[in-house]
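**Q**
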Amino acid sequence: MSRFTVKFLGAGTGPLRSESVAADDAMHVGRLAAGRLGSSRVFTRAQVFEGQDLRLEVDRAGYRRVAG
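In this text, residue positions in the sequence shown follow the working numbering: the first is 431, and each later residue adds one.
1. With DSSP as the reference, label residue 440 as helix, strand or coil.
2. So the alpha helix (DSSP H) residue 472 belongs to, where does it begin and stop?
3. Under a Cβ-count criterion, where at least 16 other Cβ atoms within 10 Å of its own Cβ denotes burial, should residue 472 be classed as buried or exposed?
4. Excluding the 5 residues preceding and the 5 following residue 402 in the sequence, name in chain order all residues of the same chain whose CB lies nearer than 8 Å to its CB.
5. Could you name the residues of the same chain whose beta carbon sits closer than 6 Å to that of residue 494, not counting the 5 residues immediately before and after it, in chain order?
Structure follows, in structure tokens:
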């Protein structure tokens with residue numbers, strides 16, 4: 431399992447919340463983040479990091495992969 435950091439952002443803001451997640455892959459973490467975004471009034475997007483590397487950026491419309 432790898433350790434991922436999810437940073438949740440609001441509209442026009444920097445990170446409002448950061449969570450550490452252990453998972454097999456970034457796509458699993460992206461699905462977890464998408465669920466959180468769908469139920470939040472504050473968060474509009476999330477960034478999934480593995481170490482210092484940005485792996486995914488998730489918004490309410492779905493996933494956007496980031497090269498890395």
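Virtual Cβ for every residue (Gly too), placed ideally from N, Cα, C.
**A** A quick look at the data gives this:
1. strand
2. Counting along the chain, residue 472 falls outside any alpha helix (DSSP H), and DSSP gives it neither H nor E.
3. exposed
4. The structure shown does not extend to residue 402, since the chain is modelled only from 431 through 498, so no value can be given for it.
5. 487
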